[in-house]
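Shown next, in structure tokens, is the structure this report addresses.
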Amino acid sequence: MLGFCYDMIPVIKRLYDKPEDRIEAYKRHLEFYNIQVTFNPLVAGIVASMEEENANNQDFDTASINAMKASLMAPLSGIGDSLIASTLRMIATGVVTGLCLSGSLLGPILFLLLYNVPTILIRWFGLQYGYSLGSGMISKLNDSDVMHKVTSGLAIVGLMVVGGMVATTVAVTTPLALNFGDTAFKLQETLDGIFPALLPLCAFGIMCLCNKKQVKIIWQIVGILAAGIVLGVLGILG
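The opening position of the sequence shown corresponds to residue -5 in this note's numbering, with each subsequent residue numbered one higher.
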């Protein structure tokens, strides 16, 4: 709330000359407002356009400004959380994991670039497009189903990255072997022939299930350590 009001101070000072009009505008933007930060400039651009209309048109309904902000909070936060906080961060992490594990300094630098450059561009162009298109922007995007297609496509890419990261970085193998006469039947080789990286996938699935059941991280770590020690001593995992 305070942050958005602070964002609007230059706009309000530029549009309104009377102190009472400025005070009214400040109060208008102190009402509850909470959104994913990457898409906040988009809303700020739309609001700036509406404030300009209000300054030039005495018949403009100022209640529509906060109504617009309230209507955009949930959908844009959902898009931001799934697109930026989850998918983009997941993709960036998957790309640089190998470099980080090898001790390369390029890993964290590349992560910062992959994660921050797109978000900065979204903020910069979001502010401009929000102002130029006004309050009709989101409805246009929703009508064309653009945001749904973009979100779905990036979610698929994110899942592919996670799958590749699990297969290459999660090390779960079994030394179990059965002897049939002179022939040794190695379970790990058989599993790799049927379904490569099956055990890492199972381990990842168990962790996903724990997260879905809201098991605390500390208990997940303890469980992994205990399972690794017990199964290692029994010779089930190597």
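C-beta atoms are modelled at their ideal positions from N, C-alpha and C, and glycine is treated no differently.
For Ala165, there is no enclosing beta strand (DSSP E), as DSSP marks it with neither H nor E. Inter-residue distance for Leu82 and Tyr109 is about 7 Å (C-alpha atoms, whole angstroms). CA-to-CA, the gap between Leu170 and Leu104 works out to about 40 Å.
The DSSP-derived three-state label of Ala191 is coil.
At least 8 Å separates the beta-carbon of Thr163 from that of Leu231. Under the DSSP assignment, Phe33 falls outside any beta strand (DSSP E); it carries neither an H nor an E label. Taken atom to atom, the span from the alpha-carbon of Ser96 to that of Val90 is near 10 Å.
Inclusion of Arg117 and Pro35 in the CB contact set at 8 Å is warranted, their separation being smaller than that value.
Scanning its chain for C-beta atoms nearer than 6 Å, with the 5 sequence neighbours on each side dropped, one finds around Gly74 the residues Gln30, Thr32, Phe33, in chain order.
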